[in-house]
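Asker:
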Amino acid sequence: METLNNEVVIITGSTRGIGKSIALSLAAFGAAVVINGREAEAVHHVVEEVRSYGGKAIGVPGSVTDEETGEKLVDSAIKEFGRVTGLINNAGNVKDKISYRMNFDEFKEVIDVHINGAFSCTLPFIRTIREREPTQQSVIINMTSSSGLTGNIGQVNYSTAKAGLIGMTRTLAKEMSKYRVGVYAVAPAALTDMTRPHIEKAQKLASTKGEDLPDYWKVGSAEQVAEFIAEIFYAPDQFQSGEVYGVNGEQRSYWTASEQRSIDFHSND
Numbered sequence: 002m003e004t005l006n007n008e009v010v011i012i013t014g015s016t017r018g019i020g021k022s023i024a025l026s027l028a029a030f031g032a033a034v035v036i037n038g039r040e041a042e043a044v045h046h047v048v049e050e051v052r053s054y055g056g057k058a059i060g061v062p063g064s065v066t067d068e069e070t071g072e073k074l075v076d077s078a079i080k081e082f083g084r085v086t087g088l089i090n091n092a093g094n095v096k097d098k099i100s101y102r103m104n105f106d107e108f109k110e111v112i113d114v115h116i117n118g119a120f121s122c123t124l125p126f127i128r129t130i131r132e133r134e135p136t137q138q139s140v141i142i143n144m145t146s147s148s149g150l151t152g153n154i155g156q157v158n159y160s161t162a163k164a165g166l167i168g169m170t171r172t173l174a175k176e177m178s179k180y181r182v183g184v185y186a187v188a189p190a191a192l193t194d195m196t197r198p199h200i201e202k203a204q205k206l207a208s209t210k211g212e213d214l215p216d217y218w219k220v221g222s223a224e225q226v227a228e229f230i231a232e233i234f235y236a237p238d239q240f241q242s243g244e245v246y247g248v249n250g251e252q253r254s255y256w257t258a259s260e261q262r263s264i265d266f267h268s269n270d
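Using my numbering, the letters of the sequence shown map in sequence onto residues 2 to 270.
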C-alpha cells in the first residue's frame, strides 16, 4: 500500500482496542492522526507510542457526548496539521442486559455515546469540509456492528445504536457526495477488551456442551480490522459510499440494503 501522507484523520475512542489499532496502522502508513479518549493519560500514551516510531499524532481527551469535544478535535487537527481529511467514529460502550430488565439510563447512555457522540463529531467535520475546495476526497467511517443489522439478545440498546449509525451513514453519503466525502459503515468482528468477556463466555458454554464454538464468535484481530480501514483511505473510490462492509480476520463482506417487497394479504396461495 502506498503512503497516506496527505491524510489527517480523527479517530474517536482510540486509546485501546480497534480504535488504537486503526490509529497505529494509519500512522504507520504516513497519516497524521488525532487520538481521542476520555482519559487524558491514556490519550497521551497512544500519542507517544505513535511518535516513538516517527508517526505524526496529537491527542484531544474528552467524551464524545460533550459537544465541545467534536469541535476541539476538528480545530486541533487543523491547527496542528493545517487540514482534516478523515473522521472515524469509533467511540463506543456496552451496557448489556435483557430488554425487560434494562432501565432507561442504561439504554440512553449507549445511545448517547454511539449516536449523539458520532453526530457531535461529524457535524463540525462536515461543516469544515463544505468550506474548502474539494481538491481531495474526504472519508467518514462509522464503526457499526452485526448487532445493528441482525439484532442480538441482551443488546437492545447497542443494537439500536449501531443500526442508527447505519442510517446516519446512508443519509450522510447522499448529502455529502457533492463535496467528495465518502461515508462508509464498517461492522468489525475482532477480539478486544470489550468483546473478550462475551467470547470467553461463549467458549465456556460450548465446552460445557461438548460443542464447537459457534461461527459467530470466531473473530479476527483488531489489527486486521485496522488494515481494512487503511484500505478504504487508500482507495475510497473502490468502495461504495453509503454502504456497510464487514471484516472478520481475512474475510471481507458486504451487507446489502434491505429490500422492500410487496405483500398480497388477499392471496389464497
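Note that beta-carbon positions come from the ideal geometry of N, C-alpha and C, so glycine has one too.
Suppose contacts are defined by Cβ-Cβ distances below 9 Å. Is residue 186 in contact with residue 246 by that definition?
Answerer: Yes, they are a contact pair.
Asker: Hey, out of 174, 172, 151, 173, whose CA is closest to residue 163's CA?
Answerer: Checked all of 174, 172, 151, 173; the closest Cα to residue 163 is 151.
Asker: Which residues in the same chain as residue 31 place their Cβ atom closer than 7 Å to its Cβ, once the five residues preceding and following it in sequence are excluded?
Answerer: Only 4, 5, 6 meet the Cβ criterion.
Asker: Alpha carbon to alpha carbon, what distance is there between residue 17 and residue 148?
Answerer: If I take the Cα positions, the gap works out to 21 Å.
Asker: Thinking residue 226 and residue 22 are a contact (beta carbons under 8 Å), I'd like their distance in whole angstroms, please.
Answerer: Confirmed, Cβ separation roughly 7 Å.
Asker: Would you identify the three-state DSSP class for residue 74, choosing helix, strand or coil?
Answerer: Looking at residue 74 - three-state DSSP - the assignment turns out to be helix.
Asker: Might you give, ordered along the chain, the residues of its own chain that have their beta carbon closer than 8 Å to the beta carbon of residue 66, omitting 5 neighbours on each side?
Answerer: Excluding sequence neighbours, residue 66 sits near 113, 114, 117, 118, 121.
Asker: For residue 61, is the beta carbon positioned less than 8 Å from some heavy atom of the ligand NAP?
Answerer: The ligand NAP is not part of the structure shown, which contains no ligands of any sort.
Asker: Is the beta carbon of residue 1 sitting closer than 9 Å to the one on residue 188?
Answerer: Absent from the model: residue 1. The displayed extent of the chain is 2 to 270, so no value can be given.
Asker: Hey, residue 158 and residue 111 are a contact pair by Cβ (cut 8 Å); roughly how many whole angstroms apart?
Answerer: Going by Cβ atoms, the distance from residue 158 to residue 111 rounds to 4 Å, so yes, they are a contact pair.
Asker: Is it buried or exposed, residue 258, if we count other Cβ atoms within 10 angstroms and call 16 or more buried?
Answerer: Exposed.
Asker: Residue 33 and residue 61: beta carbons closer than 9 Å?
Answerer: Against a cut-off of 9 Å, the Cβ pair of residue 61 and residue 33 comes out as no contact.
Asker: In chain order, what are the residue ranges of uninterrupted alpha helix (DSSP H) at least 4 long that sit wholly in the region 55 to 130?
Answerer: Whole alpha helix (DSSP H) segments, 4+ residues: 68 to 82, 105 to 112.
Asker: So, does the region 41 to 51 touch the region 99 to 106, judging by three or more C-beta pairs under 8 Å?
Answerer: The answer is no - the region 99 to 106 does not touch the region 41 to 51, with fewer than three Cβ pairs under 8 Å.
Asker: Would a C-beta distance cut-off of 9 Å place residue 1 and residue 94 closer than the cut-off?
Answerer: Coverage of the chain is limited to positions 2 through 270, which leaves residue 1 absent and any answer about it impossible.
Asker: Within 10 angstroms of its Cβ, does residue 126 collect 16 or more other Cβ (buried), or is it exposed?
Answerer: Burial call: buried.
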